[in-house]
Each structure stands twice: as structure tokens, then as C-alpha cells.
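For reference, each letter of the sequence shown is one residue, going 803 to 1494 in the working numbering.
Virtual Cβ for every residue (Gly too), placed ideally from N, Cα, C.
Worksheet for the structure shown next.
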Amino acid sequence: MIKKFPVLFFPVLLIAAALQAQQPDRSHAPLPDPAPAVNIGTPDSFTLANGLKVFVVENHKLPTVTASLVLKLDPVLEKDKVGYVSMAGSLMRRGTTTRSKAELDEAIDFLGGQVRTGSRSASCSGLQKNFEQIFALMADVVLHPSFPAGELEKIRRQTLSGLASAKDDPESMLSNVAAVVTYGADHPYGEVETEATVKKITVPDIRGYYETYWKPNVAYMALVGDITRDSAEALVRRYFSSWKRGSVPRHTYPLPQKPGKALIALVDRPASVQTNIEIINPVMLKPGEAVNFPAALMNAVLGGGSSGWLFQDLREKYGYTYGAYSSLSVDPVIGAFSASGDVRTAVTDSSLARFMYELNRIRDKTVSPALLDSVKNTVSGNFALSLESPARIAQFAIDVAMYDMPADYYRDYLKSIAAVTPAAVQAAARRFVTPDRIHLVMVGNASEFAGKLAAFGPVQYYDGEGNKVAPPLKKQAPAGMTASAVIKKYLEAVGGEEKLSGIKDVHIMSGAEVMGQTLKMEQKYLLPDHFFMNMSMAGHSVSQTIVNGDSAGMWQMGQPLPVDDKTKAGLKARAQPFPELTYGNGKYDLRLKGIETVDGKAVYALEITDPSGEKHSAYYDTSTGLKLRETSPPRKTPQGEMVQTADLRDYREVEGIKIPYETIVDAGGQKIDIRVQEVKFNSGLQPGDFNP
803 MIKKFPVLFF
813 PVLLIAAALQ
823 AQQPDRSHAP
833 LPDPAPAVNI
843 GTPDSFTLAN
853 GLKVFVVENH
863 KLPTVTASLV
873 LKLDPVLEKD
883 KVGYVSMAGS
893 LMRRGTTTRS
903 KAELDEAIDF
913 LGGQVRTGSR
923 SASCSGLQKN
933 FEQIFALMAD
943 VVLHPSFPAG
953 ELEKIRRQTL
963 SGLASAKDDP
973 ESMLSNVAAV
983 VTYGADHPYG
993 EVETEATVKK
1003 ITVPDIRGYY
1013 ETYWKPNVAY
1023 MALVGDITRD
1033 SAEALVRRYF
1043 SSWKRGSVPR
1053 HTYPLPQKPG
1063 KALIALVDRP
1073 ASVQTNIEII
1083 NPVMLKPGEA
1093 VNFPAALMNA
1103 VLGGGSSGWL
1113 FQDLREKYGY
1123 TYGAYSSLSV
1133 DPVIGAFSAS
1143 GDVRTAVTDS
1153 SLARFMYELN
1163 RIRDKTVSPA
1173 LLDSVKNTVS
1183 GNFALSLESP
1193 ARIAQFAIDV
1203 AMYDMPADYY
1213 RDYLKSIAAV
1223 TPAAVQAAAR
1233 RFVTPDRIHL
1243 VMVGNASEFA
1253 GKLAAFGPVQ
1263 YYDGEGNKVA
1273 PPLKKQAPAG
1283 MTASAVIKKY
1293 LEAVGGEEKL
1303 SGIKDVHIMS
1313 GAEVMGQTLK
1323 MEQKYLLPDH
1333 FFMNMSMAGH
1343 SVSQTIVNGD
1353 SAGMWQMGQP
1363 LPVDDKTKAG
1373 LKARAQPFPE
1383 LTYGNGKYDL
1393 RLKGIETVDG
1403 KAVYALEITD
1413 PSGEKHSAYY
1423 DTSTGLKLRE
1433 TSPPRKTPQG
1443 EMVQTADLRD
1453 YREVEGIKIP
1463 YETIVDAGGQ
1473 KIDIRVQEVK
1483 FNSGLQPGDF
1493 NP
């Protein structure tokens, strides 16, 4: 907003002229003015007879109103049904005793409003003229949820789909393991939602949670916007006075402790071309504590952004990662200190060394006054900007009431930040950052770096859901076993070299669900040098690849892509339905790396260099000989270098030849489950069938 000044030009000019006679002393920086108290203002408040505490912040700049409801609850241990608490929040919005989900949606849309629910919260917003009707709909959702079984099944399917997609996602795996090792599986913060736990959840579980915990005497509500205190009170009393108070269970849990020494929790993900790292520990840091101020500044110095020590070290100085950061969470039960970054596989151990160096540095080195002042300015500025939101003012009031914080905590926020000294920052670092007693959680291709981790601490392997597992199988192949022998066994397993050599053409139709849409895939092969692949959605080609003798091309959304000689050679090398048949032609280099594991099965790991010089890997079951996985050469993407993994499953026999009817492709965390619908051999394809 532009400031307006009174018209006092002449006096101002006189003052300016007088000041010219008194030049300031520029030999040293002026002392900063004392930090002011913040005039946040106190929201109007009232409490219903049932215990519901309400805060009102008037703001008449826009004709809108927002109401937010939050419950003060201890976290709930969900045990073998992890996920039912969050599902309860989703299901509340799916219907009431008087309205179906469709009727709710229609009514809310008609009013141009929004109504949302969470496991311990609800909110609504809309234009002031429609707000009472929108508020009444939120009250209906909060007070009379019906928990329809059909809607639960929809939520379950969506949740299971998300879990399936996240099962091999390195960030999800890292989060799961970090939670387990930091808090423990017997603490609510350490529980992991899995397909098994979600499948056990029932409507009675969800209804029981609602009936036990959703009580007004543990609830806080804020109304913000174009509304007066009197009209807000009338509205809340009209729609929420009937909400019955009740006894709400309290829960206490074993307090998570730091380990006695640095411990490494490692998830082996062979497809990874980078290592996801999180260095984490529980900390006691609760809302309203005075130590929050030096702790926040300490974290900002260490890893609060691109100017933080971690970022400047690991990215700017060494180039190990795109970014490295730290965080320090405040929580009424238990918080956490964390430092994280995704680093190149080859420098995993070097990156850990730099992380540990900076964690020790923030403890051992006193932050300079100049750097601390700079960080203070940033933190204070961000706080001042947050005050422009009336909703933030209401949240401050709720925080103070909910967590028994000092009444002047936010009013004196800038003063508290300004008062922090370098010594206080160092004291906070020594209290919350403990490199010698910390969890080092990693997800990556363990075979490339696990042998270099002994200097940092003992290693325990985990799966992606946080369960302890044995170290991955990694051993030499038995004497006499060669890469050629592995390929020979595979060819025999899928039908025999003679039968495969009799195949002149192959036509495969497949499909997959991608982001709610059906992806169709058509593949055609005409031996020895014709290949066609088209992927389409809703009748429109998304991607197309064609090899026609010596020519090769690629198209995306109908537009041709550049194809250099190396890419062309790679396309031609892969234009084979059974490429293993060509591995003995002298143009491929095969290397047997040893025995590893894929989905719990022992496999021979082969590194294959094709005629273009590109290397990819293939994994063959040591027992059956069947190929279980392929990985592409590393590709550069905007997110960094990535490897595409294809897991081959559900082998079925077609005319005496075994074909994998399911291929799960993982392209940088996005999984696509491709299922074969039809396979035809020797159907009479001609070269003319391989044109764009």
C-alpha cells in the first residue's frame, strides 16, 4: 500500500538544509533501533456452554468469511489399522444423515463456497451474503456425519492406489524409515500406513474415532472476515450449541530418545541413481518456549535456504546435490531436527562427510554478529509479512489458548528475535544438533556405497515400510557361470532358441491407467529390423517410435523429436521382441556382475552394452531363468539423472512361448502398471505397417 504524506514541503526543505550542516559519522554502522512490540490485536472471543472456544477477527476489506475448527487431541496409536484416523477426516465430508455426498457437493457449489474436513479439523469459506448457509452445511458435516460404507470403499481404493505408487518411491521410503527410527513403531508418529493396514479399516473404526474424540470441549473455532462479533456469536450459537460435550481420552507414549551413537538406516534401491539422505533426531521443542527463538535462527543459519551453510557447502562448493537443507519442528508432543538432501550416488559417502562437518560446525563455531543480524532481518520480515493475513491473527490466538503459551509470545516476537545472541544460537545448536547421536537414513543403490559407510556408524537395512531386513544378497556367481550361460538359460525358459527363431513378426496390445486415464500401447515387430510402438490416450497419439530398416524416428504429441546417430543405434538395438537372441552376434558386451535380489528372489545381474555404447542392466531369476527386471541407461531430466526400471511379472504361455503379461515401469517415482491384452505371432505384418 502506498503511504500518503501531509503537504509540508517547505518545513521539510528547511529541516533538510539544516541537517546538511551536520554530516553523520560514517566510520561505523549505526546501532539498530530497539525492536518494537507488535500490535497484533486481541481477537474477540467467547465460549459456548458446551466448551467450544470461539475467536472472531473482523476484516471488512473483502465480502468473504472463513470459519476454521480445530480439535486439541493427543495423537492416536492406530496399531494394525494405520490410516483410519486420516480416513475419518475424509469420510466426514462424504455425507450426513440428511444429505448424500452428491447433495452436499451440489449445495456447496451452488453457494460458491468450500467445506473441508480433516481428522481433527473442519473449515468453510464463502461470500458473506451466503456464509450462513455455507456455515450451516459445515455444521451438518461436523455434527451429523453418516460415514457411508460405499464412500469408504472409494477412499480405500484411492489410498491403496497411492500406496502402490509410493511403494518404490524413494522419498516415501525415506519418510517411512525416518519416522520409524526416530519415534519408534510404538509411537503414533512412528506408525507407517501400508496396504495391509488400510485393508483392515472398517466403518465402525471410523465412527468410533469420531464419537470418541469429536467433542466441543476440546474444540477451538476462528471466524475471520466480513463478519461482526455479534453476528458471529449468533451464528455459532445457532448451529453448534446442540453439540454435546463429553470426556475425551488422553494418551501418553514412551518418549522417543536419541540413539547412543550415530546409526545408519539404509534402504537398498538398486534402480536409484541418487541417494536420498535424511539425518534426523527427536527433540523436545514445544510451542511457546523461549528457546524457540534461538533455535529458529540457528536452523536458518544452518540450512534454512539457499544461503544456509548446508546449501553453500554441498551444492555451491562441492556440487554434490541440487540442494541441502535443515528443519527444526516445534510440536506439543515431540519435535524433530532434520537435515536432508538428494545426492549423486557416487558421492554418497563424501556428502555424508560434508553434512557431518556442517552439523559439527554449527555447534563449534560462534555465528558472527553480522550473519546473525542478516538472518534476524529475514526471520523478522517474514513474521511481519504474515501479520497481513487476518487468519494468521486468529491462528495466533488459538495457539496461545490451545498450548498455554505466554500471552505476549507473538506480541513480543520481534523483541525476542532481536534479543538472541550468538552465544544463544550456539547453545541451541549444542542442544538440538547432535552428530554423534543421530540417525542417518538413506535410500539408494547400496551396492555402490554401502562398503564406505563404516566410518559413520553401524548399518541396519530396512525395507520401504520401515521393517528391518537382512542385507541384500550380493555375491559372486558360482564358478563356471557366465553371462552367456545366463542368456542361454533364459532363452530355454521362455520357449527355446529354435522356437523363438521361428518368429517372424509379433503384435502386442497393452493398456494401463495413468492419472485417471486409459493409456493404450501397441507394439509391432517385423524381424529383423522393423519396429513400431504407439502410446495413445483418448484416441490421440502421445508417443510414437518407429524403426524401418536403416531409418528410425521418434514423435511426441505428433511432433518429431531429434534423433542423432547414437539414439538411432540404440532404437535399432532395442527393436527386437527377444533381444537376447542377438546378444551373441558380436555387437554386444555382456558382463555378469554377480547375484543380487529382486522382490526377494535371487537373480543374476547382467550389465549389457549395446551397439550404441549405452549400458543397461537385466536381472534373471537364478532358479527359473526368467527375466524379472530391466533398467534403462541413466537419462538426464529436469529433476536430475534418472534410471527407468521395468519389473516383468505374470509370465504366460502363448503358442509355446512365455510372455510377461504385466510390466511395472518406474520412471523417476511415477509408476505405470502395463498389462498385456493380446499377443499375436506371425500374423503377416508387412514393411508398410511400419510408417508414421
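Buried versus exposed call for residue i [16 or more other C-beta atoms within 10 Å across all chains shown]
| i | result |
| --- | --- |
| residue 1070 | buried |
| residue 1401 | exposed |
| residue 1353 | exposed |
| residue 954 | buried |
| residue 1256 | exposed |
| residue 1485 | exposed |
| residue 799 | The chain is shown from 803 up to 1494; residue 799 falls before or after that span and cannot be answered. |
| residue 972 | buried |
| residue 931 | exposed |
| residue 845 | buried |
| residue 1052 | exposed |
| residue 1179 | exposed |
| residue 1140 | buried |
Per-residue DSSP class, three states only, for residue i
| i | result |
| --- | --- |
| residue 1251 | coil |
| residue 1466 | strand |
| residue 1350 | strand |
| residue 1073 | coil |
| residue 1179 | helix |
| residue 1100 | helix |
| residue 1015 | helix |
| residue 1455 | strand |
| residue 1487 | coil |
| residue 1481 | strand |
| residue 759 | With the chain represented from 803 up to 1494, any question about residue 759 goes unanswered, as that position is not in the structure. |
| residue 958 | helix |
| residue 1020 | helix |
| residue 1324 | strand |
| residue 1396 | strand |
| residue 1292 | helix |
| residue 1423 | strand |
| residue 1045 | coil |
| residue 1029 | coil |
| residue 1378 | coil |
| residue 1412 | coil |
Distance, residue j Cα to residue i Cα
| i | j | result |
| --- | --- | --- |
| residue 1488 | residue 1309 | 12 Å |
| residue 990 | residue 880 | 7 Å |
| residue 1358 | residue 1379 | 23 Å |
| residue 1493 | residue 1346 | 10 Å |
| residue 1003 | residue 1012 | 14 Å |
| residue 1131 | residue 982 | 17 Å |
| residue 1098 | residue 1185 | 12 Å |
| residue 1049 | residue 1095 | 35 Å |
| residue 1306 | residue 1300 | 12 Å |
| residue 1055 | residue 1133 | 14 Å |
| residue 1262 | residue 1275 | 14 Å |
| residue 902 | residue 1241 | 47 Å |
| residue 921 | residue 887 | 6 Å |
| residue 938 | residue 1041 | 7 Å |
| residue 1302 | residue 1383 | 8 Å |
| residue 1293 | residue 1304 | 13 Å |
| residue 857 | residue 1266 | 43 Å |
| residue 1385 | residue 904 | 58 Å |
| residue 833 | residue 1233 | Bear in mind that the predicted position of residue 833 carries a pLDDT of just 49, short of 50, making it unreliable; the figure below should be weighed with that in mind. So the alpha carbons of these two residues sit roughly 30 Å apart. |
| residue 1415 | residue 1393 | 14 Å |
| residue 974 | residue 968 | 6 Å |
| residue 1451 | residue 1465 | 6 Å |
| residue 1348 | residue 1332 | 8 Å |
Min CB distance residue i to chain D below 8 Å
| i | result |
| --- | --- |
| residue 1164 | You won't find chain D in this structure, because it holds only one protein chain. |
The ligand COA heavy atom lying under 7 Å from the CB of residue i
| i | result |
| --- | --- |
| residue 1264 | Questions concerning the ligand COA fall outside what the structure shown contains, since it holds no ligand whatsoever. |
Expected contact under 8 Å - CB spacing of residue i and residue j to nearest Å
| i | j | result |
| --- | --- | --- |
| residue 1475 | residue 1314 | 6 Å |
| residue 1236 | residue 1060 | 6 Å |
| residue 1149 | residue 1122 | 5 Å |
| residue 1204 | residue 985 | Incorrect: roughly 22 Å between the Cβ atoms, too far for contact. |
Task: Any alpha helix (DSSP H) of 4 or more consecutive residues that is wholly inside the segment 966 to 1006 - done: 972 to 985, 997 to 1001
Open item on the list: List, from N- to C-terminal side, the beta strand (DSSP E) runs of 3 residues or more that fit wholly inside the segment 1202 to 1273.
Closed with: 1241 to 1246, 1261 to 1264
Task: Length at least 4, wholly inside the segment 855 to 897: the alpha helix (DSSP H) runs in chain order - done: 886 to 894
Task: Those runs of the alpha helix (DSSP H) which lie wholly inside the segment 1143 to 1188 and span at least 4 residues - done: 1150 to 1166, 1171 to 1188
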